[in-house]
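What follows is one structure encoded as structure tokens, with my remarks underneath.
There are 4 protein chains.
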Amino acid sequence: MRRLTAAAAQVLHRQGVERTTIADIADAADVPVGNVYYYFKTKDDLVQAALSEHAGHLADLTGELDRLPDPLDRLKALVAGWVDQRDMAARYGCPTGTLAAELDKRSEGGIDVEAGKVIRLLLDWVGHQFRELGRSDADDLAITLVGAYQGMSLLANALRDPEIMTREGARLTRWLDALPTGTPGARHS
Amino acid sequence: MRRLTAAAAQVLHRQGVERTTIADIADAADVPVGNVYYYFKTKDDLVQAALSEHAGHLADLTGELDRLPDPLDRLKALVAGWVDQRDMAARYGCPTGTLAAELDKRSEGGIDVEAGKVIRLLLDWVGHQFRELGRSDADDLAITLVGAYQGMSLLANALRDPEIMTREGARLTRWLDALPTGTPGARHS
Amino acid sequence: MRRLTAAAAQVLHRQGVERTTIADIADAADVPVGNVYYYFKTKDDLVQAALSEHAGHLADLTGELDRLPDPLDRLKALVAGWVDQRDMAARYGCPTGTLAAELDKRSEGGIDVEAGKVIRLLLDWVGHQFRELGRSDADDLAITLVGAYQGMSLLANALRDPEIMTREGARLTRWLDALPTGTPGARHS
Amino acid sequence: MRRLTAAAAQVLHRQGVERTTIADIADAADVPVGNVYYYFKTKDDLVQAALSEHAGHLADLTGELDRLPDPLDRLKALVAGWVDQRDMAARYGCPTGTLAAELDKRSEGGIDVEAGKVIRLLLDWVGHQFRELGRSDADDLAITLVGAYQGMSLLANALRDPEIMTREGARLTRWLDALPTGTPGARHS
DNA sequence: TATGAATGAGTCTTCATTCAT
DNA sequence: TATGAATGAAGACTCATTCAT
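Shown next as structure tokens:
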């Protein structure tokens, strides 16, 4: 079952939700098709599980970054991580972003805000760092930084060019370094 | 037939490519299903036509903006246009961006670079403006600006919050205004 | 499409609703499976159509019987018709009765009263005859007569014995003949 | 295991054989699904067990009625029992009758006459009472009485009207009372 | 003896595409 | 040129049944 959600997260990211069949995921996880339904009543449930998997990855990552003492270093490390994933982004886009875009179309009423939740996790964490840096406009900055990440991933993917990630990553790092921070001393709080 | 491509562009944007059936488009265009195949051999052809429709919209827009004498004004007007479309973006995302993301998954080999082309049209036009402004890093700036647009559209859509467009649009405008431009006098070339 | 509803009515009666697949019906009607869905969006719709088909048969029959001048003769002819169908009843039960019993279980909420409607058509027609015969308890008599029909069909089917239909039919005929009727002269109104 | 057959009898009656899954029955009996197969090799075996359960109920009932000295009283008490069950009949039909109708469709060859057996048990017992009453046409009368029961149950169920059971029960009671019996004195034999 | 998990055949339904007219 | 109908290849989901423990 862990194999299932892991396989689902990967295959759904690569092929997209609509193009992925339950059989695809079952194959990737090396389980019989019928067995999938023992753990997930519907395809949507499986998609949610994949979403949670991505949320878990994100939690792991931010947990790791939280060890760094300086919020600015954390943000720069986050950006560095994005750049490290440039080949995946150029090939398949950002997992969270593409999933969110697809899930948005998937349920007529658009009640399914689950996808937004993972992105909000990232926004919240980033906003928290900016706040620690003493920025009162922390939430806006978070939108800017995460937006830049989503945008560069989308462009890298559409143009199939990983170097976009590298160049934009460098720019974001410079931007972070140049960003005026709040009360001196607040940074190491 | 023009009705068809127009309907296709709209419905595909709203529902996504995979969730949209030929019948949906035929309905929206108020033509019989069979008739669609008189003009478009396959669904993919129709999707391409919708893509061209979006490219046409973009050409119309840039053609309009080109009337402005100042490249900086053109770029700021472009951003203003994005903000004007904020409700649509918050509901369905950027047409070009979401289509590109979907089409990327649609053909296994990824041969279908058509989607990237429309985005590249925008990048080229924006890059051209920056070049006119005397920026030697015009292409990078174009990536940054268009990337910011795609990113803010995606976030606005995922969070269903059009205000994200407003706030980020304002930031981009400030950013454009603050951007050091090249040799004085080059601006009006 | 007429072929479809006719085939559906027959096959559903013979095999039962739950045991009959869409493919079974498509086969019987000699149309491809997919085509069924051009006319009927769901299996339930097809079942309803089969029900209407039976209602139509009933209407044809009562229309025929209405030509007889005497209500008593009409009722006796109705019973004679039941007996004529004894082999079918012994093999598959009464179409309306078995369908009603099955449909009753088919929709959780039991909202599906369609099945009851066909039976009520028969009850109403029979009740009308008794009323013409001057019986003030016409509705009760209708329940008794139609109930006897349903009961003898069920027993004939369960015991696989068509003769049950014959014997009970004879008894019902005697019962009708012995039934005190209302004001003399009312019979031919 | 007794819990299992009891649960099976009830759930199968309420939902119908085809609509009832093994899991439904396991749930109702509060045993794990796998456990069901420890006692019953197949679903059909479980259905047979449910049938036996109903046969047992019938045996209990007739055993009870046999205590009455007068066969006519026994039959009238039988009818009274039917009327007492009117709400269940209006909601789910007669257990034996609906099961018989369903099982008839269940096995292609129709070899499965098990369902008929339970009904025959009832017919035999009723026929025995009529015989004790000195009626040489006891078997026919049994068919009439049991048929009336099945018919009124089906109508009550189809029309969701328990009062049908009440009215027809009253009629059957009058009919029994009016029935000419055989040699005086034979009644208490 | 007991059971949670596994399995795969079968069923409904959708939909791109074709075709006769 | 136009179109209602036809077609069949998937795909999601169900469920009786088996099995390892």
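Protein chains in written order, with numbering that gives the first Met the number 0: chain A, 0 to 188; chain B, 0 to 188; chain C, 0 to 188; chain D, 0 to 188. Glycine is no exception: its CB is placed at the ideal position from the N, C-alpha and C atoms. As the structure is a prediction and not an experimental result, all values here were calculated from the model.
{"query": "Out of curiosity, what's the CA-to-CA distance linking C/Asn219 and C/Arg90?", "result": "Here chain C has residues from 0 to 188 only, and residue 219 of chain C is not among them."}
{"query": "Would you call the CB atoms of D/Ala27 and D/Ala49 closer than 8 Å?", "result": "no"}
{"query": "Under a three-way DSSP split, which group does C/Ser51 fall into?", "result": "helix"}
{"query": "Between the beta-carbon of A/Asp65 and the beta-carbon of A/Arg73, is there less than 8 Å?", "result": "yes"}
{"query": "Any residues in the stretch 137 to 152 of chain D with a beta carbon nearer than 8 Å to a beta carbon of chain C? Which ones, in chain order?", "result": "Asp139, Ile142, Thr143, Val145, Gly146, Ala147, Tyr148, Gln149, Gly150 and Met151"}
{"query": "By alpha-carbon positions, which one of D/Ile24, D/Met0 and D/Gly80 ends up nearest to D/Ser152?", "result": "D/Gly80"}
{"query": "Using 8 Å for Cβ pairs, my map puts C/Leu67 next to C/Ala54. What's the rounded Cβ distance?", "result": "Wrong, their Cβ atoms sit about 21 Å apart, outside the cutoff."}
{"query": "Chain C beta carbons: is any one of them nearer than 8 Å to that of D/Thr180?", "result": "no"}
{"query": "With DSSP run on the structure shown, which of helix, strand or coil describes B/Glu162?", "result": "helix"}
{"query": "Between the stretch 138 to 145 of chain C and the stretch 116 to 128 of chain C, can you find at least three pairs of beta-carbon atoms closer than 8 Å?", "result": "yes"}
{"query": "At 8 Å on the CB atoms, spell out the chain B contacts of A/Leu74, in chain order.", "result": "Within chain B, no residue comes near A/Leu74; the closest Cβ sits about 16 Å away, beyond 8 Å."}
{"query": "Taking the straight line between their C-alpha atoms, what separation do you get for D/Leu71 and D/Trp174?", "result": "11 Å"}
{"query": "Can you list, in chain order, the residues of the stretch 161 to 177 of chain C whose Cβ is nearer than 9 Å to any Cβ on chain D?", "result": "Ile163, Arg166, Glu167 and Arg170"}
{"query": "Quick one: residues in its chain with C-beta nearer than 8 Å to the C-beta of C/Val32, no 5 flanking neighbours on either side, listed in chain order?", "result": "Ile21, Ala22 and Ala25"}
{"query": "Would you say B/Thr97 faces chain A, with C-beta separation under 8 Å as the test?", "result": "yes"}
{"query": "Look at the alpha carbon of A/Asp69 and the alpha carbon of A/Ala177, and state the distance between them as a whole number of angstroms.", "result": "15 Å"}
{"query": "Rounded to whole angstroms, what's the CA-CA distance from C/Asp138 to C/Ser106? Just pull it up for me.", "result": "28 Å"}
{"query": "Let me make sure I understand the geometry here. Which of C/Gln47, C/Gly15, C/Ser51 and C/Gly181 has the alpha-carbon closest to that of C/Leu135?", "result": "According to the sequence provided, residue 135 of chain C is Ser. The question's Leu does not apply to it. If we check each option's Cα against that of C/Ser135, C/Gly181 comes out closest."}
{"query": "Considering only residues of the same chain and omitting the five flanking positions on each side of D/Ser51, which have a CB-CB separation below 8 Å?", "result": "Thr4"}
{"query": "Please check the pair A/Leu154 and B/Ile118, which I expect to be a contact at CB under 8 Å, by giving their CB distance rounded to whole angstroms.", "result": "7 Å"}
{"query": "Would A/Val46 pass as a contact of A/Val16 if the rule is Cβ separation under 8 Å?", "result": "yes"}
{"query": "Give the straight-line distance between the Cα atoms of A/Tyr37 and D/Lys104, rounded to the nearest whole angstrom.", "result": "30 Å"}
{"query": "How far does the alpha helix (DSSP H) with D/Gly115 in it reach, from first residue to last?", "result": "Glu113 to Glu131"}
{"query": "Would you call B/Ala114 buried or exposed, if buried means 16 or more other Cβ atoms sit within 10 Å of its Cβ?", "result": "buried"}
{"query": "Going straight from the alpha carbon of B/Gly92 to that of A/Gly146, what length do you get?", "result": "13 Å"}
{"query": "Does C/Glu17 get closer than 8 Å to chain D when you measure Cβ to Cβ?", "result": "yes"}
{"query": "When the Cα of A/Gly96 is compared with those of A/Thr61, A/Tyr148 and A/Asp59, which residue comes out closest?", "result": "A/Tyr148"}
{"query": "Along the chain, where does the alpha helix (DSSP H) containing A/Thr95 start, and where does it finish?", "result": "Pro94 to Arg105"}
{"query": "Candidates B/Pro179, B/Thr41 and B/Val35: which alpha carbon is nearest B/Glu131's?", "result": "B/Pro179"}
{"query": "Check for me: the alpha helix (DSSP H) holding B/Gly150 runs from which residue to which?", "result": "Ala137 to Ala157"}
{"query": "First and last residue of the alpha helix (DSSP H) that includes A/Arg2?", "result": "Arg1 to Gln14"}
{"query": "By the criterion of Cβ-Cβ separation under 9 Å, what are the contact partners of B/Arg66 in chain A?", "result": "Here the premise fails: no neighbours, minimum Cβ distance about 27 Å."}
{"query": "Measure the beta-carbon distance from C/Gly150 to C/Val78 and round it to whole angstroms, keeping in mind my assumption that it falls under 8 Å.", "result": "Incorrect: roughly 13 Å between the Cβ atoms, too far for contact."}
{"query": "Should D/Met0 go down as buried or exposed, given a rule of 16 or more other Cβ atoms within 10 Å for buried?", "result": "exposed"}
{"query": "Would you say A/Ala157 faces chain B, with C-beta separation under 8 Å as the test?", "result": "yes"}
{"query": "Looking at the unbroken alpha helix (DSSP H) that takes in C/Lys75, where does it start and where does it end?", "result": "Pro70 to Asp83"}
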